[in-house]
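*Asks:*
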Amino acid sequence: MIAFAKPKNKRLFIAAVAMLVLGVLGLVLGIYFSQLLKADAEDGTSPNFNSLIPKGESIEQLGDWQKLTPPEGGDPAWVFVDEIDGVAVQVSQQVLPGTLKADPDNRIAELARSGNYNTKLDVDGTKVYIGTSAKGPQSVMFTKNGLFVLIKSWSAINNDAWTSYISSLQ
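Mapping of the sequence shown onto the working numbering: residues 22 to 191, in sequence order.
1) For residue 174, which beta-bridge partners are listed by DSSP?
2) Whole-angstrom Cβ separation of residue 83 and residue 96, contact assumed at under 8 Å?
3) Count the other CB atoms within 10 Å of the CB of residue 68; is the residue buried (16 or more) or exposed (fewer)?
4) Which residue marks the beginning of the beta strand (DSSP E) containing residue 88, and which one marks its end?
5) Taking the DSSP output, what are the residues bridged to residue 159?
6) Taking its Cβ as the centre, do 16 or more other Cβ atoms sit within 10 Å of residue 91, making it buried, or is it exposed?
7) Whole angstroms is fine: what's the gap from residue 154's alpha carbon to residue 121's?
8) Quick one: what does DSSP say residue 78 is sitting in, helix, strand or coil?
9) At the level of alpha carbons, what is the spacing between residue 176 and residue 107?
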């Protein structure tokens, strides 16, 4: 058994122990907060996958990325805003969710049927589904390069403009 000698100056001993405890606590908190900051940095402000943006554009020109995290968890979607023929569009993309990975073409076709995406385009071999609401806004969905892409427009856009825009996404 280890025996400690009684300190000669009790106040000095208490101060030394307090300093030691504070030092260890400071070290532990420093490590903890540095890990939090590292996790935030890894979480980042841009996608951790090869995203699609229109050829000749930079994400900075498009107003940068916005991250949308689903409330139930899962992979976030990354969004930017652009224009097609003067109509504002919101382009979101994410890594193919697990429910779509096994058979993306057929799964997207099923989603399109159930969501009333009544127009189908073929853009450079990519099957694109367009749904148009009675008031004009459109939703477009497709998969490309292992990503699920959903584009929402504020009003109707003609099919040629959609084809051109989707073809430009690289």
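Glycine residues also receive a C-beta, built at the ideal position from the N, C-alpha and C atoms. Please read all numbers here as calculations on a predicted model, not as lab measurements.
*Replies:* Let me spell this out:
1) 110
2) At roughly 21 Å, the Cβ-Cβ gap does not stay under 8 Å, so residue 83 and residue 96 are not in contact.
3) buried
4) 87 to 89
5) 153
6) exposed
7) 25 Å
8) coil
9) 10 Å
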